[in-house]
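In our numbering, the protein residues as written are 79 to 332. No residue lacks a Cβ here, since even glycine has one placed at the ideal position from N, Cα and C. To start, the structure under review is shown below, and the notes come after it.
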Amino acid sequence: MAHALRSMRGYSWGLNSHIMKMLLTTVVNKIITYGAAIWALPMTARKVCTLNAIQRPFLINITRAFKTTSTNALQVLAGVTPLPLQAEIEALSSKILQLKKSASYDNIIFNPQDYEDTPRKYIRHPSNFLHNLHCNLNNPPPSSKFTAYTDGSKIEDKVGCGVTINSGTSTYIEWQGVLRHENSVFQAELTAILNAIKLLLPTHTDTIHVITDSQSSICAIKQQFQNSPTAYQIQNLILSSNNKFIISWTRGHS
């Protein structure tokens with residue numbers, strides 16, 4: 079394959095280095111690392127030499143360097159991840175995310191419970207999607223019997239979120255949550271909205287109104303196909319309820 083690609087370019091014509099790099103990273107690497115969870119670990123010296131030998135002619139085509147250039151130098155010049163490392167990444171990803179098994183690398187243990195499960199697509203019919211949800215981004219928040227204010231933050235690897243539900247001018251209920259330091263502000267904001275809805279559902283109010291300062295969270299909830307399991311849970315709560323839901327955006331504090 080490397081020889082065939084080499085014949086497709088000349089000194090001033092044919093495939094440029096950018097296209098050849100794309101072919102290497104998106105086609106060749108995927109073919110070679112297929113099933114890496116079975117054979118890549120542990121990565122022995124023999125496997126490293128074999129994978130580097132496979133990748134080397136492609137790197138020479140990309141960089142147009144001398145054949146005496148070392149493989150490590152070619153990988154740096156081409157800006158390509160070494161194939162042995164790429165195989166280990168694919169093996170660890172498959173083992174943790176797909177097989178749901180613990181794995182260790184460089185004395186670091188990775189547990190599948192520490193990673194989010196991406197929701198499956200095409201479970202819901204597009205015609206039955208959040209008809210009872212109104213997202214208010216531009217207008218002032220409307221008045222309602224119960225109003226939930228949510229927020230999430232991350233300061234010095236400390237991640238948390240909170241909910242305050244007001245009824246009129248008095249506080250009805252408050253909730254606080256602590257997340258892991260690996261979590262992001264986006265996840266904290268969605269977690270706050272999720273718990274706000276859970277707290278408002280037992281009130282038997284007709285309209286569930288949540289106010290947040292996170293536009294990205296609102297966009298994730300509105301999106302039919304997405305990767306956030308927390309946003310997916312929020313969508314399920316909205317779809318399974320007969321209430322009217324309003325999520326309003328307000329400018330965050332500075």
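- The DSSP assignment places 263–278 as complete runs of the alpha helix (DSSP H) inside the segment 221–285, in order along the chain (cut-off: 4 residues).
- With fewer than 16 other beta carbons inside 10 angstroms of its own, residue 123 counts as exposed.
- Residue 103 carries a helical assignment under DSSP once its states are collapsed to helix, strand and coil.
- Apart from the 5 residues on each side of it in sequence, residue 187 sits with its Cβ closer than 7 Å to the Cβ of 180 in its chain, given in chain order.
- For residue 117, the enclosing alpha helix (DSSP H) stretches over residues 114–117.
- When beta bridges are read from the DSSP output, residue 211 appears opposite 323.
- CA-to-CA, the gap between residue 130 and residue 95 works out to about 19 Å.
- Rounded to whole angstroms, residue 133 and residue 118 show a C-alpha spacing of 16 Å.
- Runs of alpha helix (DSSP H) with 4 or more residues, each lying fully within the segment 144–192, are found at 149–156, 161–171, listed in chain order.
- Of the candidates 168, 81, 220, the residue whose Cα lies closest to the Cα of residue 109 is 168.
- Rounded to whole angstroms, the Cβ separation of residue 265 and residue 308 is 6 Å, and the two are in contact under 8 Å.
- Inter-segment contact for the segment 199–206 and the segment 144–163 is absent: fewer than three beta-carbon pairs are separated by less than 8 Å.
- A Cβ-Cβ contact shorter than 7 Å links residue 225 with residue 287.
- Within the DSSP secondary-structure output, residue 290 pairs in a beta bridge with 327.
- Boundaries of the alpha helix (DSSP H) around residue 138: 123–141.
- In the three-state reduction of the DSSP assignment, residue 84 falls in the helix class.
- DSSP places residue 310 in the uninterrupted alpha helix (DSSP H) bounded by 307–317.
- Short of 8 Å from the beta carbon of residue 295, and not among the five residues preceding or following it, lie these beta carbons of its own chain, in chain order: 264, 267, 268, 271, 309.
- Within its own chain, the residues whose Cβ lies closer than 7 Å to the Cβ of residue 261, once the five positions on either side in sequence are excluded, are 237, listed in chain order.
- Judged by beta-carbon spacing, residue 166 lies beyond the 7 Å limit of residue 100, meaning their Cβ atoms are not closer than that value.
- With a contact defined as Cβ atoms closer than 8 Å, residue 299 and residue 312 qualify at about 5 Å.
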